[in-house]
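Enquirer: First the structure, then my questions, so here it is.
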Amino acid sequence: METLIVNVLLTLMMLAVVVLARTRNLFAVIVLSGLYSFLMATAMVALDAVDVAMTEAAVGAGISTVLLLGALHLCRSEEAKPAHKPWLPLAVTASAGLLLVYGTWDLPAFSDPEAPIHKHVAPRYLADGPRETGVPNVVTAVLASYRGFDTLGETTVVFTAGAGIIALLRRRRRTTADKEAP
Amino acid sequence: MLAHFVDHFDYWAMIFLAMAGLFIVIARGNLIKKLVGLGIFQTSVYLLYVAPGKIVGGTAPIVAEGFRVYSNPLPHVLILTAIVVGVATLALGLALVVRIREAYDSIEEDEILRRDHAPEVTPSRGEGAGGKVVP
Amino acid sequence: MTRDMVLRVVAKLLIPFILLFALYVQFHGDFGPGGGFQAGVILAAAMVFYAIVFGLDNARKVLPDRLVETMVAAGVLLYLGVGVAGPLLGGNFLDYFVLAADPVAGQHRGIFWIELGVAITVCGVMLKVYYLFAGRGPEDD
């Protein structure tokens, strides 16, 4: 049953992406990408990743939709018709996809408890995390305590991106009054 | 065969989403649409990380009485931070698009390239062949 | 500012609850889903909602640009400060065990401050980006 729910959600996401790729109105594209993010958040709940689902719903469907709309407000809202049919990109991506599908042949099956991912460090986090940190949510314990360096790096990346955006957009656009001034 | 299909469907869906995102990035000329495609590529990777950590019958990795099987918490941690970094870089890309729009008055790749190469096609004295565009 | 009264009344009703939810996500992140990243984004979303309904200028009165820019850097500095507190108290960098007499209490303290730093930076960056995009104004040529 759980597998069925996940697979239905994945199918809906694939449909949303196909429609998105064929749409030329950028407003519709942005709304579709918000829809895609919500489907992704729901799929994450079905995959037991509640923290990720909450982040994806707030970030992917909320903030990034607002930012894309804000950027669209400053640009033109219709995509130009492509000059020629995109057969070459289609062939490249299709063949790369087929190669990747070939690569999945030997990967462990969905929800295989014996898969290597469940055998390495995760059992230790689950067994000792709550005792060592006193935090029952293992995701928070790993995020803030075991992998604190990692999170420090991620926070610094967010800070750097913010600084870059401030540097790019802080200066006002040159107006006609500025151009006339020497 | 059906069992194999169900067992690997999540990988294939992820590959389809990644390739669709890549297709949008390389086939579409509009910069905002390219960024949306890049976002789809990025989110497909979240799926690649989180889906193998799932155990059917397990629960979210919040330790409580009465539960014994938990899904793997490690991919959740990695993806959680990746999502926020992803939106920060998306915003950086959008800021670049806005600046490009102000400099070139277009966000279509073809148009921008044409304007970039215009000074070389019509040779002018003094400026040289830098391809510099006066906004 | 929008002239639609329904929107403004609904916004006034909803925003306190969104802020409360953000605080819940922040401080309950140890026991349920949530944490600094989510809380920061939800906080920023509440302010973006306020800015959309009541106008950017009013939002800038609530959280001025200067404060938002300070938040961007303050969160990372708070995180680094918790990291540096470890060596000062005789442990390693980002070592929470030395932050309190009891190791588990030290972990709690370290995680609390780090999540707070993450939330401050994330909220600051998201808000600043929104201010910059919204304050630029459309092309009018």
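Protein chains in written order, with our numbering: chain A, 3 to 184; chain B, 54 to 188; chain C, -18 to 122.
Ideal placement from N, C-alpha and C gives every residue a C-beta, glycine not left out.
Note that the coordinates shown come from a computational prediction; the quantities given were computed from them, not determined experimentally.
(1) Once the 5 residues before and after Glu161 of chain B are set aside, which same chain residues still bring their CB inside 7 Å of it?
(2) Under the three-state reduction of DSSP, which class applies to Glu164 of chain B: helix, strand or coil?
(3) Could you name the residues of the same chain whose beta carbon sits closer than 6 Å to that of Ala59 of chain A, not counting the 5 residues immediately before and after it, in chain order?
(4) So which residues of chain C does Ala141 of chain B contact, with C-beta pairs closer than 7 Å?
(5) At a cut-off of 7 Å, is Thr13 of chain A close to the ligand SAM when judged by its beta-carbon and the heavy atoms of the ligand?
(6) So Phe12 of chain C contacts chain F; which residues on that side make the cut at Cβ distance below 7 Å?
(7) Check whether the Cβ of Arg117 of chain C lies closer than 8 Å to any Cβ atom in chain A.
(8) Let me check understanding here. Comparing Cα to Cα, which of A:Asp53, A:Gly64, A:Ile65 and A:Leu17 lies closest to Thr112 of chain B?
(9) How far does the alpha helix (DSSP H) with Ala56 of chain B in it reach, from first residue to last?
(10) In chain B, which residues lie with their C-beta within 8 Å of the C-beta of Leu145 of chain A?
(11) Quick one: is Val110 of chain C near chain B, going by C-beta distance under 8 Å?
(12) Beta-carbon of Gly72 of chain C versus every beta-carbon of chain A: anything under 8 Å?
(13) Are the beta-carbon atoms of Leu37 of chain A and Ala18 of chain A separated by less than 8 Å?
(14) Compare the C-beta of Ile85 of chain B against all C-beta atoms of chain C and say whether one is closer than 8 Å.
(15) What are the residues of the region 38 to 71 of chain A that lie near chain C, defined by any Cβ-Cβ distance shorter than 7 Å?
(16) So with CB distances below 7 Å, who are the chain A contacts of Gln7 of chain C?
(17) Could you pull the start and end residues of the alpha helix (DSSP H) that Lys87 of chain A belongs to?
(18) Give a yes or no on whether the minimum CB-CB distance between Ala27 of chain C and chain A is below 8 Å.
(19) Under 8 Å, Cβ to Cβ, is there at least one residue of chain B near Ala183 of chain A?
(20) Out of A:Ser147, A:His75 and A:Tyr104, state which residue places its alpha-carbon closest to the alpha-carbon of Pro84 of chain C.
(21) According to the neighbour-count rule (16 or more other Cβ atoms, all chains shown, within 10 Å of its Cβ), is Ile168 of chain A buried or exposed?
(22) Looking only at its own chain, which residues have a Cβ that is under 8 Å from the Cβ of Leu0 of chain C, when we skip the five neighbours before and after it?
(23) Taking Cβ positions, are Leu113 of chain C and Leu171 of chain A nearer each other than 8 Å?
Expert: To lay it out plainly:
(1) Translated into the one-based positions of the second sequence, residue 161 of chain B becomes position 108. Here the set comprises Gly82 and Asn83.
(2) Position 111 of the second sequence, counting from 1, holds the residue named residue 164 of chain B. Note: Glu164 of chain B maps to helix in three-state DSSP.
(3) One-based indexing of the first sequence puts residue 59 of chain A at position 57. Cβ within range, chain order: Ala43.
(4) For the purposes of this step, residue 141 of chain B is identified with residue 88 of the second sequence, where counting begins at 1. Near Ala141 of chain B (Cβ distances below 7 Å), the residues of chain C are Val106.
(5) Of the ligands one can find in the structure shown there are none, so the ligand SAM has no counterpart to examine.
(6) Protein chains in the displayed structure are A, B and C, and chain F is not among them.
(7) For the purposes of this step, residue 117 of chain C is taken as residue 136 along the third sequence, with counting starting at 1. Interface residue, yes.
(8) On the second sequence, residue 112 of chain B is found 59 positions in, with the first residue counted as 1. With distances taken between Cα atoms, Thr112 of chain B lies closest to A:Asp53.
(9) Here residue 56 of chain B corresponds to residue number 3 of the second sequence, with the count starting at 1. Looking at the DSSP string, the run of the alpha helix (DSSP H) that includes Ala56 of chain B is Leu55 to Ala80.
(10) Position 143 of the first sequence, counting from 1, holds the residue named residue 145 of chain A. Under the 8 Å cutoff, chain B gives Val130, Leu133 and Thr134.
(11) Position 129 of the third sequence, counted from the first residue, corresponds to residue 110 of chain C. Interface residue, yes.
(12) Start at 1 with the first residue of the third sequence, and residue 72 of chain C comes out as number 91. So, not an interface residue.
(13) Taking the first sequence and counting its residues from 1, the one referred to as residue 37 of chain A is at position 35. Taking the first sequence and counting its residues from 1, the one referred to as residue 18 of chain A is at position 16. Yes, they are a contact pair.
(14) Within the second sequence, numbered from 1, the residue matching residue 85 of chain B stands at position 32. So no, Ile85 of chain B is outside the interface.
(15) Going along the region 38 to 71 of chain A in chain order, one finds Val52, Asp53, Met56, Thr57, Ala60, Val61, Gly64, Ile65, Val68 and Leu69 with a Cβ nearer than 7 Å to chain C.
(16) As a working note, residue 7 of chain C is residue 26 in the third sequence. From the beta-carbon of Gln7 of chain C, no residue of chain A is found nearer than 7 Å; the closest lies around 11 Å away.
(17) In the first sequence, counting from the first residue as 1, residue 87 of chain A sits at position 85. Counted as a single uninterrupted DSSP element, the stretch harbouring Lys87 of chain A is not any alpha helix (DSSP H), since DSSP gives it neither H nor E.
(18) Taking the first residue of the third sequence as 1, we reach residue 27 of chain C at position 46. False, the Cβ-Cβ gap to chain A never drops below 8 Å.
(19) Translated into positions along the first sequence, residue 183 of chain A becomes position 181. Annotation note: pLDDT 47 at Ala183 of chain A (below 50); position unreliable, no value reported.
(20) Your numbering for residue 84 of chain C matches position 103 in the third sequence. Proximity to Pro84 of chain C across A:Ser147, A:His75 and A:Tyr104 peaks at A:Ser147, based on C-alpha coordinates.
(21) Numbered from 1 along the first sequence, position 166 holds the residue referred to as residue 168 of chain A. With 16 or more Cβ atoms within 10 Å of its Cβ, Ile168 of chain A is classed as buried.
(22) Taking the third sequence and counting its residues from 1, one reaches residue 0 of chain C at position 19. So the list reads Leu24 and Ala27, once near-sequence residues are dropped.
(23) Numbered from its first residue, the third sequence carries residue 113 of chain C at position 132. Numbered from its first residue, the first sequence carries residue 171 of chain A at position 169. Cβ distance < 8 Å, so Leu113 of chain C and Leu171 of chain A count as in contact.
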